[in-house]
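Below: the structure, in C-alpha cells.
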Amino acid sequence: MRLDYLTIFPDYLAPLGLSLPGKAAAKGLVELHVHDLRGWTHDRHRTVDDTPYGGGAGMVMRPEPWGEALDELLGGPGAPGGPGSAATVVVPSPAGRPLTQALARELATRPRLVFACGRYEGIDQRVLDHARGRDDVAEVVEVSLGDYVLNGGEVAALAITEAVVRLLPGFMGNAASLEEESHEQGLLEYPVYTKPASWRGHDVPPVLLSGNHAAIAAWRHAQSLERTAERRPDLLHASHVAGEWEVVPAA
Ligand code: SAM
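FYI, in the numbering used here the residues of the sequence shown are -9 to 241.
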C-alpha cells in the first residue's frame, strides 16, 4: 500500500517514521510519502488560504495548490502505483464518516491512500468535488475522528494510518490477536491480565488460571458483553447476545 500525505505542516507527520507505520515501512508493507502543500504555491508568501466567500470568520484553503498537488501526485501515465491503482483520497473532517474499525478495514483493502490534511476552516469544497470526478481517483472519503474539532487534519491522518496499517496482512505477528480486539466483533474487548497472578491484593480471575479453554472463552465472551452493555450499549445487537443477554437491539 502506498500512503501520501499533503499538509502544510510536514513535521507534524514525523511520527510516521516511528513505531507502527515505521515498522510497516521497514517490512515493505507500506510506502510513506509526506508532501508540503506549499510546494505547489507560486507566490512569494507561499499562500495557501484566503477569506471565505459569503463572509464569516477564519480562512479557507485555496483550491489551486490542492488541485496542482493532486494533479502531480495522482495523474498521468507515470502515476505512482501504476495502472489500476486509482487512489482513495482521504479527507479528515469533523463532518466526515466516523472512523470505525469497519471503515479502517475497508481502507486497508485499498492500494493507495492520499491524505488531504486541511487547516483553517477547511479546504475549498470544489477540490473534493473535482477529485470525485477524476478517473485516477477511486473515491473521496471524508473521515471524522469524533465529534470535536481539531486544528488540522494531521492528527486524524496519523490515527487513521495507525488503525489501517495494523490491519494489513502480514503486519501483525499473530493475526488472531486482531480478531479478539475491541470493535472487531462489534463488542469491546474483555479485560486482560498478565503475571503476577496476585498484585497489591488484586487477583487474576481464577478461571484464567484454570487451563480450561472453553471456560476461559465463555468467561471472556461474558465479560465482553457485560462491558459493552455497561459502557457502549449502542454497540449491542441481538446477534451478539442471542439467548445470553437481555438487550434492546441497537437502532
Ligand atoms: N470549520 C470546520 C468545521 O467546523 O467543520 C473545522 C475546521 S478545523 C479547525 C481544521 C481542519 O481540522 C479540518 O479541515 C479537518 O481537516 C481537521 N479536523 C478538525 N476536526 C476533525 C475531526 N473531528 N476529525 C477529522 N479531522 C478534523
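From the three backbone atoms N, C-alpha and C, an ideal C-beta is built for every residue, glycine too. In this text, all values refer to a predicted model and were calculated from it rather than measured experimentally.
Asked                                                                                                                                  : Found
Mind pulling the beta strand (DSSP E) runs of 3 or more residues that sit fully within the stretch 126 to 181?                         : 127 to 134
Would you call Pro82 buried or exposed, if buried means 16 or more other Cβ atoms sit within 10 Å of its Cβ?                           : buried
With a threshold of 7 Å (Cβ to nearest heavy atom), would Glu111 be considered close to the ligand SAM?                                : yes
Go ahead and pull the three-state DSSP assignment for Asp40.                                                                           : strand
Suppose contacts are defined by Cβ-Cβ distances below 8 Å. Is His35 in contact with Leu(-4) by that definition?                        : no
Quick test of the definition: if touching needs 3 or more C-beta pairs under 8 Å, does the stretch 5 to 23 touch the stretch 39 to 56? : no
Where does Asp119 fall in DSSP's three states?                                                                                         : helix
Quick one: using the 10 Å Cβ neighbour count with 16 as the cut-off for buried, is Ser214 buried or exposed?                           : buried
Suppose contacts are defined by Cβ-Cβ distances below 8 Å. Is Ser134 in contact with Leu103 by that definition?                        : no
In angstroms, rounded to a whole number, what distance separates the CA positions of Thr78 and Val145?                                 : 19 Å
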